Amino acid sequence: DAMVIQNPRYQVTQFGKPVTLSCSQTLNHNVMYWYQQKSSQAPKLLFHYYDKDFNNEADTPDNFQSRRPNTSFCFLDIRSPGLGDAAMYLCATTLGTSNEQFFGPGTRLTVL
Amino acid sequence: DQQVKQNSPSLSVQEGRISILNCDYTNSMFDYFLWYKKYPAEGPTFLISISSIKDKNEDGRFTVFLNKSAKHLSLHIVPSQPGDSAVYFCAASPLRGQNFVFGPGTRLSVLP
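These protein sequences, in sequence, are chains U and H.
Quick note: the first sequence, position 102, residue 1488 per this note's numbering, numbers continuous.
Quick note: the second sequence, position 50, residue 629 per this note's numbering, numbers continuous.
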């Protein structure tokens, strides 16, 4: 039973064309994260929501935005994707004070 | 600057032998550490954790050792099985419940 679902699994977009990646969870966790992972590198935290409170990492480009309309869903919007934004995007959830994050399978973004 | 380092990008071990994956960190504020395992086309899954009040935590075939003075932790898998072949990420955070920083991962191959 999938607990953290990411759609689509593979996304191709053109340089500069806005794209939205989605994440949903069935765990009722209050914290949701978006990570960017480039090849052979560590997953890099972009931002997270603690309930409805949005927390942006200091070095996350303005090109990246996020929305969390309800507990279950979280979206990553890339307003004008560049070639350097091609990566795997991982969504994760956790409950409050737990450090154990549950990850989705990721969306691999290709920018042409 | 990498706060969490995994200096071996890959490791090959014979089935039945011990696998030792290493992780070093630079931030002395890190107090809670986790290991995640990632199979291809899947998100990372939590494996084992340790807090700084301990120097060892064991769960079945998996044991994590922490040496705070050396800012070093290691994951031991005994005996290694082919199904353990995956990428292993080390992660660290200042406190339980806070965002944590990932290392770049080590790809473990267990050979039959």
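Where is the CB? At the ideal position from N, CA and C, for every residue including glycine.
Note that this is a predicted model, so its numbers are computed, not measured.
By DSSP's assignment, threonine 642 of chain H forms a beta bridge with H:Glu637 and H:His655. Contact between the stretch 636-651 of chain H and the stretch 596-605 of chain H is established, with three or more Cβ pairs separated by less than 8 Å. Put simply, of H:Asn678, H:Met608, H:Cys669 and H:Ser672 the residue whose alpha carbon is nearest the alpha carbon of alanine 1478 of chain U is H:Asn678.
If you draw a 10 Å sphere on the C-beta of glutamine 585 of chain H, you find 16 or more other C-beta atoms in it, and that means buried.
With a threshold of 8 Å between beta carbons, asparagine 1393 of chain U makes no contact with chain H. With contact defined as three or more Cβ pairs closer than 8 Å, the stretch 1408-1428 of chain U and the stretch 1483-1494 of chain U are in contact. Under the Cβ criterion (8 Å, minimum of three pairs), the stretch 1463-1478 of chain U counts as touching the stretch 1490-1497 of chain U. The straight-line gap separating the alpha-carbon atoms of valine 1398 of chain U and lysine 1424 of chain U is approximately 16 Å. The alpha-carbon separation between glycine 662 of chain H and asparagine 646 of chain H amounts to approximately 28 Å. Leucine 1495 of chain U is outside the set of residues whose beta carbon lies under 8 Å from a beta carbon in chain H. Aspartate 1463 of chain U sits in a strand when the DSSP states are folded into three classes.
With its beta carbon less than 8 Å from one in chain H, phenylalanine 1489 of chain U belongs to the interface. In this structure, proline 1429 of chain U sits away from leucine 1481 of chain U, with a CB-CB distance that is not shorter than 8 Å. Residue-level contact by beta carbon fails for serine 1466 of chain U and chain H, as no gap is shorter than 8 Å. In this structure the stretch 1462-1469 of chain U touches the stretch 1447-1454 of chain U; the number of beta carbon pairs closer than 8 Å is three or more.
Contact of serine 1426 of chain U with chain H is assigned, a C-beta pair being separated by under 8 Å. When rounded, the separation of the alpha-carbon atoms in histidine 1434 of chain U and threonine 1446 of chain U is 11 Å. Nearest CB-CB separation between glycine 1470 of chain U and chain H: not below the 8 Å threshold. For proline 661 of chain H, there are no C-beta contacts with chain U under 8 Å, since the nearest C-beta of that chain is about 22 Å from it. Residues of the stretch 622-645 of chain H with a C-beta less than 8 Å from any C-beta of chain U: Gly622, Pro623, Thr624, Phe625 and Ser628, listed in chain order. Per DSSP, reduced to three states, the secondary structure at aspartate 1439 of chain U is strand. Each residue's CA atom was taken as its position, placing threonine 642 of chain H and leucine 613 of chain H some 11 Å apart. Contact note: alanine 620 of chain H reaches chain U through Pro1491, using a C-beta cutoff of 7 Å and chain order. A residue is called buried when at least 16 other Cβ atoms come within 10 angstroms of its Cβ; isoleucine 632 of chain H does not meet this threshold and is exposed.
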